[in-house]
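See structure below.
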Amino acid sequence: MPKVSNWQIGRDCEYPYDGHRPARQWSIIFDLNKCIACQTCTLACKTTWTSGKGQEYMFWNNVETKPWGGYPLAWDLRILEQLGRQDWGANGEYLGKTLVEAAPENERVLHYAPVDEDWMYPNIGEDDCGGGTVDGGMHQASLPHDQWFFYLPRTCAHCTYPACLAACPRKAIYKREEDGIVLIDQSRCKGYGECVRACPYKKSMYNPHTRTSEKCIGCYPAVEQGIQPQCVVNCIGKIRVMGFINPPAKARADNPIDYLVHEKGLALPYYPQLGLEPNIYYIPPIHADRDYLRQMFGPRVEDAIEAYRKLPEDPRASGLLCLIGSTDRIMHRFDVKKGMAYGYDEAGAEIVRVPVTEDVIVRAPFDAKLGASRHNTP
Ligand code: SF4
Ligand code: SF4
Ligand code: SF4
């Protein structure tokens, strides 16, 4: 089987097809310290793309509460348990097997198939810090672990080495050269569901009405116009930014995605050990259990949290985070100078500018000139 280079696991790994990186790679970064699980992203996607027959249960974007939530049910536990030991070497090399390397004989990818009931509880575990064991009279000290949870928004990761594509016997799934978005050709798909079984993130879904499989399309009609996806531009918490990521050797320090992932190490892929090089990246939540975060985001999670804690001393990174959620256009470059952060489009034209620190104005409780009482509310 061919070997492909996978920088997220620090080594080459097996994949059924020869390695090829598209001219550009679609990518989203999520700051998990800011997500409030309002589900606006979920509904923005739902009302745009999945309001048809057979799509009732589909959430191409979903937000689940970790560690107890998961849609479909326990999707991550079930594939991680099958994969076995997932150790990392001191140099950042993954020592275990990827999904393709662990595939059973005559299969292309280690997989499992969710059943209908697994898709019935999109909000299971929401806001749960005790695994369903908390009741009205329970004392805090009797919880099974420290109280923590965080919200994990998820879309298709438009993986560099997609398991869905690898498993499709019809070659109906393809990765676009111009932006790396992974699509299912609806005219070729026969609904065998191999992609639904193979995608470890469970982001390919079967439509019983059309009898084909469907998935997040990366909002490519918007992306083609230089606009970020619906789930990104509608995010209430301003936790998301979409752009294009380069592999580490070609990273550009003025590219917002490259800067946060490669330059600062603030944003990490999730479950990189599965070996697909997923292209959604997370700034990890600084309050959550480190062992849990390490198994989810890999060995660099401590460094990412350290970098996040040092943001007040880092005007450039802080400025970039201020730009997140401030424009619906795709930012290809950014700059921070004299207390202002700037975003630029592909042609280099300025599309947005925001102050890195906003002035705080404290008003006197009583305005003697107007004879009015005032409060320091916005
Ligand atoms: S809209 Fe933003 S803040 Fe709200 S749940 Fe989605 S990602 Fe989180
Ligand atoms: S997340 Fe799943 S559906 Fe999306 S490209 Fe990767 S393997 Fe395919
Ligand atoms: S990128 Fe577009 S299609 Fe994909 S989850 Fe977000 S809104 Fe839905």
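Counting in my numbering, the sequence shown runs from 4 upward without gaps. Ideal Cβ placement from N, Cα and C applies to all residues, glycine included. Here the structure is a predicted model, which means the values were calculated and not measured.
Is residue i near ligand 2, judged by its Cβ being under 7 Å from some heavy atom?
i	result
residue 2	Residue numbering for the chain in the displayed model covers 4 to 381; residue 2 lies beyond these limits and cannot be assessed.
residue 37	no
residue 18	no
residue 132	no
residue 224	no
residue 281	yes
residue 177	no
residue 166	yes
Does the beta carbon of residue i fall short of 7 Å from some heavy atom of ligand 1?
i	result
residue 219	no
residue 295	no
residue 14	no
residue 198	no
residue 66	yes
residue 231	no
residue 40	yes
residue 24	no
residue 238	yes
residue 32	no
residue 44	yes
residue 242	yes
Which of the three DSSP states is assigned to residue i in this structure?
i	result
residue 322	helix
residue 220	coil
residue 104	coil
residue 227	coil
residue 12	helix
residue 6	strand
residue 253	helix
residue 345	strand
residue 277	helix
residue 91	strand
residue 18	coil
residue 260	helix
residue 271	strand
residue 113	coil
residue 84	helix
residue 236	helix
residue 353	strand
residue 166	helix
residue 338	strand
Just checking residue i against ligand 3 - is the residue's beta carbon closer than 7 Å to any of the ligand's heavy atoms?
i	result
residue 383	Residue numbering for the chain in the displayed model covers 4 to 381; residue 383 lies beyond these limits and cannot be assessed.
residue 63	yes
residue 234	yes
Got a sec: is the Cβ-Cβ distance from residue i to anything in chain C below 8 Å?
i	result
residue 7	Absent here is chain C; the protein component of the structure consists of one chain.
Next item on the list: Could you name each continuous alpha helix (DSSP H) segment of 4 residues or more that falls completely within the region 25-82, going from the start of the chain to the end?
Entry: Qualifying alpha helix (DSSP H) stretches, in chain order: 43-52.
Note to self: With three or more beta-carbon pairs closer than 8 Å as the criterion, would you say the region 271-278 touches the region 357-375?
What the structure shows: Contact fails: fewer than three Cβ-Cβ distances are below 8 Å.
Check: Is the region 191-203 touching the region 48-63, taking contact as three or more C-beta pairs under 8 Å?
Finding: Contact between the region 191-203 and the region 48-63 is absent, because fewer than three Cβ pairs lie under 8 Å.
Next item on the list: Evaluate contact between the region 119-127 and the region 66-74, counting only Cβ atoms and requiring at least three cross-stretch pairs below 8 Å.
Entry: As far as the Cβ criterion goes, the region 119-127 touches the region 66-74, which means the pair count is three or higher.
Check: Which runs of the alpha helix (DSSP H) spanning at least 4 residues fall entirely within the region 282-325, listed in chain order?
Finding: The region 282-325 contains these whole alpha helix (DSSP H) runs: 293-300, 304-312.
Check: Quick one: any contact between the region 160-171 and the region 222-233, if contact means 3 or more CB pairs under 8 Å?
Finding: Contact fails: fewer than three Cβ-Cβ distances are below 8 Å.
Item checked: Stretch pair the region 207-216 + the region 246-266: three plus CB contacts closer than 8 Å -> Contact between the region 207-216 and the region 246-266 is absent, because fewer than three Cβ pairs lie under 8 Å.
Next item on the list: With a floor of 3 residues, list each beta strand (DSSP E) that falls wholly inside the region 170-207, ordered by position along the chain.
Entry: Runs of the beta strand (DSSP E) inside the region 170-207: 176-178, 185-187.
Notebook entry, point to check: When the Cβ atoms of the region 168-187 are set against those of the region 93-113, are three or more pairs found closer than 8 Å?
Noted result: As far as the Cβ criterion goes, the region 168-187 touches the region 93-113, which means the pair count is three or higher.
Notebook entry, point to check: So does the region 20-40 actually touch the region 109-124, counting three or more Cβ pairs closer than 8 Å?
Noted result: Segments in contact, no.
Next item on the list: Check whether the region 316-328 touches the region 256-264, taking contact to mean three or more Cβ pairs, one atom from each stretch, closer than 8 Å.
Entry: Taking a cut-off of 8 Å on C-beta distances, the region 316-328 touches the region 256-264, as three or more cross pairs fall below it.
Notebook entry, point to check: Counting pairs of beta carbons, one from the region 60-69 and one from the region 154-164, are three or more of them closer than 8 Å?
Noted result: They touch, by the three-pair rule.
Checklist line | Stretch pair the region 301-312 + the region 85-102: three plus CB contacts closer than 8 Å | finding: Three or more beta-carbon pairs drawn from the region 301-312 and the region 85-102 are found closer than 8 Å, and the two stretches are therefore classed as touching.
Margin query: Taking contact to mean 3 or more Cβ pairs, one atom from each stretch, closer than 8 Å, check whether the region 230-237 and the region 305-312 are in contact.
Written below: Put simply, the region 230-237 does not touch the region 305-312. Fewer than three CB pairs are less than 8 Å apart.
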